[in-house]
Each structure stands twice: as C-alpha cells, then as structure tokens.
Amino acid sequence: MPYQKAELEKWDKEYVWHPFTQMKAYRQSNPLIIERGEGSYLYDVEGNKYLDGYASLWVNVHGHNDPELNTALHIQVERLAHSTLLGSANVPSILLAKKLAEITPGSLSKVFYSDTGSAAVEIALKIAYQYWQNLDSVKYKNKSKFISLNEAYHGDTIGAVSVGGMDLFHRIFKPLLFERIPAPSPYTYRMEGFETEEQASAYCIHQLEKLLQNKGEEVAGLIIEPLVQGAAGIITHPPGFLKQVELLCKAYGVLLICDEVAVGFGRTGTLFACEQEDVVPDIMCVGKGITGGYMPLAATLTSEKIFNAFLAHPDENKTFFHGHTYTGNQLACAVALKNIELIEERELIRSVKEKEKVFKRYLLKLYELPNVGDIRQRGLMAGIEIVKDRQTKSIFGDKKVMGDIILAARQKGLIIRELGPVITMMPILSMTNEELKTMVEIVYESIKEVIARHTVS
Numbered sequence: 002m003p004y005q006k007a008e009l010e011k012w013d014k015e016y017v018w019h020p021f022t023q024m025k026a027y028r029q030s031n032p033l034i035i036e037r038g039e040g041s042y043l044y045d046v047e048g049n050k051y052l053d054g055y056a057s058l059w060v061n062v063h064g065h066n067d068p069e070l071n072t073a074l075h076i077q078v079e080r081l082a083h084s085t086l087l088g089s090a091n092v093p094s095i096l097l098a099k100k101l102a103e104i105t106p107g108s109l110s111k112v113f114y115s116d117t118g119s120a121a122v123e124i125a126l127k128i129a130y131q132y133w134q135n136l137d138s139v140k141y142k143n144k145s146k147f148i149s150l151n152e153a154y155h156g157d158t159i160g161a162v163s164v165g166g167m168d169l170f171h172r173i174f175k176p177l178l179f180e181r182i183p184a185p186s187p188y189t190y191r192m193e194g195f196e197t198e199e200q201a202s203a204y205c206i207h208q209l210e211k212l213l214q215n216k217g218e219e220v221a222g223l224i225i226e227p228l229v230q231g232a233a234g235i236i237t238h239p240p241g242f243l244k245q246v247e248l249l250c251k252a253y254g255v256l257l258i259c260d261e262v263a264v265g266f267g268r269t270g271t272l273f274a275c276e277q278e279d280v281v282p283d284i285m286c287v288g289k290g291i292t293g294g295y296m297p298l299a300a301t302l303t304s305e306k307i308f309n310a311f312l313a314h315p316d317e318n319k320t321f322f323h324g325h326t327y328t329g330n331q332l333a334c335a336v337a338l339k340n341i342e343l344i345e346e347r348e349l350i351r352s353v354k355e356k357e358k359v360f361k362r363y364l365l366k367l368y369e370l371p372n373v374g375d376i377r378q379r380g381l382m383a384g385i386e387i388v389k390d391r392q393t394k395s396i397f398g399d400k401k402v403m404g405d406i407i408l409a410a411r412q413k414g415l416i417i418r419e420l421g422p423v424i425t426m427m428p429i430l431s432m433t434n435e436e437l438k439t440m441v442e443i444v445y446e447s448i449k450e451v452i453a454r455h456t457v458s
C-alpha cells in the first residue's frame, strides 16, 4: 500500500463527507478503512479481517473478488466502458433487459435503466403519474398522489423521500416534498391491541381499503417494499399481506409499485420477494444485488400495457423525458448479466432457502439474552430489536448502546450496522453455514458485553 493509515485517515476526515454519518462524531473516531475483499471477508489497510455481515450495504451476492465476475468486467472494459443509451443501443444492456424480462414476475417486459435504487423509484413514480396523464389527462387529472406505508423507505432523492415514511430521515426535507398518503404498516411487534399478526395485518388492510374508497380517484400508485421493510428495521410483513395489497390496488384502479431494490435477487429466499405471494406488480424497481455488488446499476420494469401508453407521435408529448448519462452502462450491464447467470448456475436460490433455516436456528439463540426483544428474519436478512425491558418493550435512551454493540462486533471481526434500536444482519448470500454461525456468535457476545457494561455504568 503506497500510503500509511495515518495519512489516509487524515485525508478521509478532511475531504470525505460520509453518507448517513454524523461527521462530528466520525471525525473523533478511529475509522475503518477497507482495502480489499476476498469471499465473505473484507480487509482493512492494516490487514485486519472482517466478516462482511452487511453485504457491503446489502448488495454482495457471490462474495468479494469473484473470479468469474472479475472476468466478465475485464472482458467488457476491453471492448467498451460506456456509450450513451439516448437514441442508440449497446449489446450488454440489450441482453440484460431480455434476461430481466424473462426472470421477473408476470408481464414485466420493459426495462428502464438507472444507477441507484432511489433513481429506480423516482422513475417508477414519474412513469406511474405520466401513465394516467397519457391515457386521459382530463379524466385522470386528479391522479397525482401516492400511497406508501408508515416507516417506508424508498431512497433519498426528493421523489423517493416524498413517499418515505421514516420521520427521522425525512422530516427535515418536508417543505420540499410532495404530499403522500400514509397507510399503516403491519409492524406487529410494536402494534398494541392485537393478539395475532393476522389480526394486525387485517387491520392494516382494512385501513388501506378505507383510504382507497375515499381517495382512490386521486391515487396514481401505491409503492411498497415486498415482504420486508428494510431500512425501518427489518419489519417483516405477515403472510398474505402483500397479496391483499395487490388485490386492493386492482379493485380500485391504482398501480402497484413493488420496490424490490433491497429484497430482490435472492435476498428473501426467492429471486424476487413478490414471487412468494404470487404478486405481479405493474411496476417493479430493482437494484443493489443486481450486479452482485460490483457496479452501480438499477432498473425499473413495467408491463407492455404501461409502456404502450407512452407510444405516440412526437408532437403529442407523451415521451418519457427522463434519463441519466450512464443509463445502461456497458460495464454494469455486463457484470449484472454474469451475476444472474451465476445465480442460476450455482443454484443460489435453493442454497439461500436452505441457509434460511440454519440462520434461523442460530438467531433463536439470541433470545437467551434478556435485552433481545424481537428477532425478525426473512431469507438471509435479519433484524434484532434491542430493548431495555422485554416486558415493556422500552428501548435504551442512550443511543451509544447500539453504536457500542456495532463497534464491539467490529473489534471481534464482524461488520454490521444498526438501524435505531435494531441490529441488522445482512450476510453475503454465498456465506457458508459456519460463517453464519460465527456472525451470530459475535453478535451474541457483543450484545452481552455492551449491555453488561452500560448496566454497570
């Protein structure tokens, strides 16, 4: 390494503004500076080894430094790194679009590329709104609103934030946002007055139907994270909830937008989460795992029906005026295509389903700790809600508790993150059962150690 850690740390703190990070605290910390990766592990500039229990922000599929993904990238970069998709095509984007149309649910067959999940959502919202205007701008003039769940997270661009429901992240931007229509989320652990998750789910569906009855004519679309609300703390929806949402959208003439950015490409145990309830959205957003954690890429998929509403003479102004410089970038599309090929060749989905059961068995051991209030899991994503008191479900007032647990885990060789009072565990999909066990053991010891220390102090 040509630079010393002290130099890198100095320049990092002087020049880099980190996302979702309070920089005053960060600049007082000893930052983790990653240099390389291999399989399920990351290595810092001092050679320390860490299990990547966050899948490098939920994106890594086959592990770091995968030879076949490396080769796909090398082959493409020697051909061409990038040319515009505005008014022309390129080979990798064509092949990937065809593949995405083949593997996504139902009639989704049109692919609009972008480079982040937030952008994919932004595109979905604009398509949904313009779809109704293109059909009949007089009849559907009021269809300009969107429904999303409480505690929803769909990204950080202004449109994506507008349909978000996380007060901590979004309230500061309220004057910039368009109005959304909030619907209750089946966060069953925190819902009072219901004996079962089925009752909680039924209540949420009933409230959603009331909203649609009253405001359906104003609603262009409903956007939802299928099965799991990730950034909200891995809130897992009860079985059947998503299907009921789909049926209501159809009944009241509202487009269903499934935000599969976090849950797609095997994360929940099927290639796409909505498959588990036989749901076919009108629009679907994908990202994160699409390139196996190699390149920034996202996509918004729609049906032929929606696409056809944009087909017209240029003078009719029904064109979808949206695009990015790197839309359909060849490097990203080539590695994404190889990633999907490897998912199929390596039977990754079957593997994740098997590991899900093993992971659950390991996770249940965490209930031995009195400060573990709830464990939520779907596929290879899990949230451990830490409470001060299990009976009252009260949380620690000192936010340092969660940060200390994360730091303790890092010192033991595991990288994870917290979301409020929830420890999130997002293993690389190719992790071995032994690595999953090690992850949970480190989390167990870290919780136990930190809570004991804070209780004494």
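Residue numbers (the working numbering): 2 to 458.
Yeah, the Cβ is synthetic: ideal placement off N, Cα and C, and Gly gets one too.
In this text the structure is predicted, and so the values were computed from the model without any measurement.
(request) Please report the Cβ distance between Val359 and Gly267, rounded to the nearest whole angstrom; I am assuming they are in contact, meaning their Cβ atoms lie under 8 Å. (result) For this step, residue 359 is matched to residue 358 along the sequence shown. For this step, residue 267 is matched to residue 266 along the sequence shown. The Cβ separation is near 16 Å, so there is no contact.
(request) Starting from Gly404, follow the alpha helix (DSSP H) in both directions and report where the run begins and ends. (result) Position 403 of the sequence shown, counted from the start, is the residue given in the question as residue 404. Looking at the DSSP string, the run of the alpha helix (DSSP H) that includes Gly404 is 401-412.
(request) Tell me where the alpha helix (DSSP H) around Met24 begins and ends. (result) One-based indexing of the sequence shown puts residue 24 at position 23. Its alpha helix (DSSP H) spans residues 24-27.
(request) Please name the residue in Ser115, Leu126, Ile173 whose C-alpha comes closest to that of Ala299. (result) The residue you call residue 299 lines up with position 298 of the sequence shown. The candidate whose alpha carbon is nearest that of Ala299 is Ser115.
(request) Run through the segment 45-118 for me and flag every whole alpha helix (DSSP H) of 4 or more residues, listed as ranges in chain order. (result) 56-59, 68-78, 92-104
(request) Can you have a look at Thr22 and say buried or exposed, based on whether 16 or more other CB atoms are within 10 angstroms of its CB? (result) Residue mapping note: residue 22 aligns to position 21 of the sequence shown, counting from 1. With fewer than 16 other Cβ atoms within 10 Å, it is exposed.
(request) Alpha carbon to alpha carbon, how far is Gly231 from Met432? Give it in angstroms, no decimals. (result) Translated into the one-based positions of the sequence shown, residue 432 becomes position 431. Translated into the one-based positions of the sequence shown, residue 231 becomes position 230. Approximately 20 Å, taken between the alpha carbons.
(message) How far does the alpha helix (DSSP H) with Val246 in it extend, from its first residue to its last?
(response) Taking the first residue of the sequence shown as 1, we reach residue 246 at position 245. It spans 242-252 - the alpha helix (DSSP H) in which Val246 sits, taken as one unbroken run.
(request) Going by CA-CA distance only, name the one from Gly384, Tyr445, Ile396 that's closest to Glu419. (result) Translated into positions along the sequence shown, residue 419 becomes position 418. Out of Gly384, Tyr445, Ile396, Gly384 has the C-alpha closest to the C-alpha of Glu419.
(message) In the DSSP output, which residue or residues are listed as bridge partners for Cys286?
(response) By one-based count along the sequence shown, residue 286 stands at place 285. Answer by DSSP bridge pairing, in chain order: Asp260, Thr301.
(message) Let's see if you can read the secondary structure: which residues bound the beta strand (DSSP E) around Asp279?
(response) For this step, residue 279 is matched to residue 278 along the sequence shown. From DSSP, Asp279 is part of no beta strand (DSSP E); its letter is neither H nor E.
(request) Measure the alpha-carbon distance for Gly165 versus Pro3 and round it to whole angstroms. (result) Sequence index remark: in the sequence shown, residue 165 carries index 164 (1-based). Sequence index remark: in the sequence shown, residue 3 carries index 2 (1-based). Answer to the nearest angstrom: the Cα atoms are 43 Å apart.
(request) Starting from the C-beta of Leu178, find all residues in its chain whose C-beta is less than 8 Å away, skip the five residues before and the five after it, and write them out in chain order. (result) Counted from its first residue, the sequence shown places residue 178 at position 177. Here the set comprises Ile159, Val162, Ser163, His171.
(message) Let me make sure I understand the geometry here. Which of Thr72, Thr271, Val220, Ser149 has the alpha-carbon closest to that of Ile104?
(response) Here residue 104 refers to the residue found at position 103 when the sequence shown is read from its first residue. It is Thr271.
(message) Please state the DSSP three-state secondary structure of Phe170.
(response) In the sequence shown, the residue the question calls residue 170 occupies position 169. Reduced to three states, the DSSP call for Phe170 is helix.
(request) Using the DSSP secondary-structure output, state which residues sit across from Lys216 in a beta bridge. (result) Taking the sequence shown and counting its residues from 1, one reaches residue 216 at position 215. DSSP, once it has assigned bridges, lists no residue as partnering Lys216.
(request) Using 10 angstroms around the beta-carbon of Ser89, count the other beta-carbons present and answer buried if the total reaches 16, otherwise exposed. (result) Reading the sequence shown from its first residue, position 88 is the one you call residue 89. Exposed, since its Cβ has fewer than 16 Cβ neighbours within 10 Å.
(message) With H, G and I counted as helix, E and B as strand and the rest as coil, what does DSSP make of Phe195?
(response) By 1-based counting over the sequence shown, the position of residue 195 is 194. Three-state DSSP puts Phe195 in coil, outside helix and strand.
(message) On the CB-based measure, 16 or more other CB atoms within 10 Å of its CB, does Asn215 come out buried or exposed?
(response) In the sequence shown, residue 215 corresponds to position 214, counting from 1. Exposed.
(request) Report the rounded CA-to-CA distance for Arg454 versus Ile406, giving the unit in angstroms. (result) Stepping through the sequence shown from its first residue, residue 454 is reached at position 453. Stepping through the sequence shown from its first residue, residue 406 is reached at position 405. Each residue's alpha carbon lies about 11 Å from the other.
(message) Do Leu81 and Tyr295 have their beta-carbon atoms positioned less than 8 Å apart in this structure?
(response) Looking up residue 295 in the sequence shown gives position 294. Looking up residue 81 in the sequence shown gives position 80. No, the pair does not count as a contact, with Cβ atoms beyond the cut-off.
(request) Assign Thr328 to one of two classes, buried (16 or more other C-beta atoms within 10 Å of its C-beta) or exposed (fewer than that). (result) Start at 1 with the first residue of the sequence shown, and residue 328 comes out as number 327. The residue is buried, with at least 16 neighbouring Cβ atoms inside 10 Å.
(request) Could I get the ranges of all uninterrupted beta strand (DSSP E) runs contained in the segment 324-411, with 3 residues as the minimum, in chain order? (result) 373-379, 382-387
(message) Only counting the same chain, and skipping five residues up and downstream in sequence, which positions put a Cβ closer than 7 Å to that of Ile124?
(response) Walking along the sequence shown from the start, residue 124 turns up at place 123. Excluding residues within five positions, the ones whose Cβ falls inside 7 Å are Phe113, Ser115, Thr301, His323.
(message) Tell me which residues share the same chain as Ala1 and place their Cβ nearer than 7 Å to its Cβ, disregarding the 5 neighbours each side in the sequence.
(response) There is no way to answer for residue 1, as the model of the chain reaches only from 2 to 458.
(message) Cutting at 6 Å between CB atoms, please list the residues of its own chain near Asn330, excluding the five before and the five after it.
(response) Taking the first residue of the sequence shown as 1, we reach residue 330 at position 329. His83, listed in sequence order.
(message) On the criterion of 16 or more Cβ atoms from any shown chain inside 10 Å, does Tyr16 qualify as buried, or is it exposed?
(response) Your numbering for residue 16 matches position 15 in the sequence shown. Exposed, by the Cβ-count rule.
(request) Select from Thr292, Ile350, Leu9 the residue whose C-alpha is nearest the C-alpha of Arg28. (result) The residue labelled residue 28 in the question sits at position 27 within the sequence shown. Comparing Cα-Cα distances from Arg28 to each of Thr292, Ile350, Leu9, the minimum goes to Leu9.
(request) Provide the residue span of the alpha helix (DSSP H) that contains Val423, from first to last. (result) Numbered from 1 along the sequence shown, position 422 holds the residue referred to as residue 423. Per DSSP, Val423 belongs to no alpha helix (DSSP H); it is in the beta strand (DSSP E), 423-426.
(message) Contact between the segment 185-193 and the segment 203-210 is defined here as three or more beta-carbon pairs at a separation below 8 Å; is this criterion met?
(response) yes
(request) Just the C-alpha distance for Leu126 and Asn49, rounded to the nearest angstrom, thanks. (result) For this step, residue 126 is matched to residue 125 along the sequence shown. For this step, residue 49 is matched to residue 48 along the sequence shown. For Leu126 and Asn49, the distance between alpha carbons rounds to 43 Å.
(message) So for Phe273, helix, strand or coil by DSSP?
(response) Along the sequence shown, one-based indexing puts residue 273 at 272. If DSSP states are grouped into helix, strand and coil, Phe273 belongs with coil.
(message) Which residue wins for smallest C-alpha separation from Leu381, given the options Glu218, Val60, Tyr154, Lys339?
(response) By one-based count along the sequence shown, residue 381 stands at place 380. Checking every option, the nearest Cα to that of Leu381 belongs to Val60.
(request) Along the beta strand (DSSP E) that carries Gly38, what are the first and last residues, could you check? (result) In the sequence shown, the residue the question calls residue 38 occupies position 37. Taken as a continuous stretch (DSSP letters only), the beta strand (DSSP E) holding Gly38 covers 35-39.
(message) Taking 8 Å as the limit between beta carbons, can you name the residues of its chain near Leu370, skipping five residues before and five after?
(response) Position 369 of the sequence shown, counted from the start, is the residue given in the question as residue 370. So the list reads Tyr445, Ile448, Lys449, Ile452, once near-sequence residues are dropped.
(request) Rank Trp18, Leu97, Asn31 by C-alpha distance to the C-alpha of Val287 and give the top, closest one. (result) Counting from one through the sequence shown, the residue named residue 287 turns up at place 286. The candidate whose alpha carbon is nearest that of Val287 is Leu97.
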